[in-house]
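So in numbering that gives the first Met the number 0, spot 116 of the sequence shown is number 115, and the numbers just go up one at a time.
Here the structure comes first, spelled out in structure tokens, and everything after it is commentary.
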Amino acid sequence: MSKLANLTIDDQDFSLNVISGTEDEHALDISSLRKDSKYITFDDGYGNTGSCESKITFIDGDKGILRYRGYDIAELAEKSNFLEACQLLFNGELPSSSEMNEFTQKVSTKITLPLEVQSVIESMPKQAHPMGVLGAALQALGGSFPQLSTNTRPADVESFEETATLILAALPLVAASRFRFLKGDSIPVLDSNHNYCENFLHMMFAGEDSQSIDPAIS
């Protein structure tokens, strides 16, 4: 039986379900409060409001805690890699060696930007904020693949893995394309000997004095 909290407004009692999280934190479910009482809650900045239930991450900034699917982020940073962590977030479990190889291959085969996306990258003002350019490029990317963004939940959930793979492949290329475009340089060819993060750094900085890639950031 779920735990209840009682709220009294104008001598009328309302029962609110208590939701318990994975880290033994608790929340009051007020989803029916407006319908039942005609009242809403006010929480300036939503600092005390959880907007959704998540099985993906747990964050407690005050205590310095960040977990992905129950794994401490420090452990993942030390023992895992970027694409493996992505697989963990997507599927809830760390991938096997064969699953990791298949996923890596999928990401690497989708590393071509549509001309419409490249046009957006090059048409944005030079002083535009990088995040604004990135957002505009992703919107253009979605427009180039309408079958993956139908705004119909069952269809979009079914195509989630393909959509996520496409975005993962495109993001470093978008960032590097913008960076190189502003410098007047072209994007270098991907190096098959590099992993995902190494290739991002290669696309960004190839041709500069230092060619070595620090393992700590790749």
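By construction, the Cβ of each residue, glycine as well, lies at the ideal position given by its N, Cα and C atoms.
Since we're looking at a predicted model, the values are computed, not measured.
Checklist line | Three CB pairs or more closer than 8 Å across the region 36-43 and the region 14-23 | finding: no
Next item on the list: Inspect the beta-carbon positions of L172 and I186 and report whether they are closer than 9 Å.
Entry: yes
Checklist line | Coarse secondary structure for L140, derived from DSSP in three states | finding: helix
Check: Should R177 and M123 be called a contact, given that it needs their Cβ atoms to be closer than 9 Å?
Finding: yes
Note to self: Short of 8 Å in beta carbon distance, which residues of its chain neighbour T7, apart from the five on each side in sequence? Order them along the chain.
What the structure shows: F13
Item checked: Beta-carbon gap between Y195 and F89 smaller than 9 Å -> no
Next item on the list: For T164, write down the residues that DSSP places opposite it in a beta bridge.
Entry: Answer is none; T164 lacks a bridge partner.
Check: If S228 and P113 are in contact, beta carbons under 8 Å, what's the gap, nearest whole angstrom?
Finding: Nothing in the structure corresponds to residue 228, since the chain is present only between 0 and 217.
Next item on the list: Using DSSP bridges, identify the partner residues of D249.
Entry: Beyond the ends of the chain as shown, which are 0 and 217, falls residue 249; an answer cannot be given.
Margin query: Which of the three DSSP states is assigned to R152 in this structure?
Written below: helix
Notebook entry, point to check: Nearest-angstrom Cα distance between D184 and D213?
Noted result: 23 Å
Next item on the list: Could you have a look at N172 and say whether DSSP puts it in helix, strand or coil?
Entry: For the sequence presented, residue 172 should be read as Leu rather than Asn. Note: L172 maps to helix in three-state DSSP.
Notebook entry, point to check: Under the rule that 16 or more other beta-carbon atoms within 10 Å means buried, what is L3, buried or exposed?
Noted result: exposed
Next item on the list: For M130, count neighbouring C-beta atoms within 10 Å of its own C-beta (all shown protein chains included) and say buried if the count is 16 or more, exposed if not.
Entry: exposed
Item checked: Contacts around E115, its chain only, beta-carbon distance under 6 Å, and the 5 residues preceding and following it disregarded -> A139 and S143
Item checked: Distance between Q104 and V17 (C-alpha atoms, nearest Å) -> 44 Å
Next item on the list: Out of A154, T162 and V156, point me to the one whose CA is closest to L137's CA.
Entry: T162
Checklist line | Counted within 10 angstroms of its Cβ, other Cβ atoms place N192 as buried (16 or more) or exposed | finding: exposed
Notebook entry, point to check: If we call anything under 9 Å between Cβ atoms a contact, is A84 one with L133?
Noted result: no
Note to self: Going by beta-carbon coordinates alone, are Y67 and T56 separated by less than 9 Å?
What the structure shows: yes
Note to self: Let me confirm a value: V119 is counted as buried when at least 16 other C-beta atoms fall within 10 Å, else exposed. Which label applies?
What the structure shows: buried
Check: Buried or exposed: where does F159 fall if 16 or more other Cβ atoms within 10 Å of its Cβ makes it buried?
Finding: exposed
Note to self: According to DSSP, simplified to helix, strand and coil, what is T103?
What the structure shows: helix
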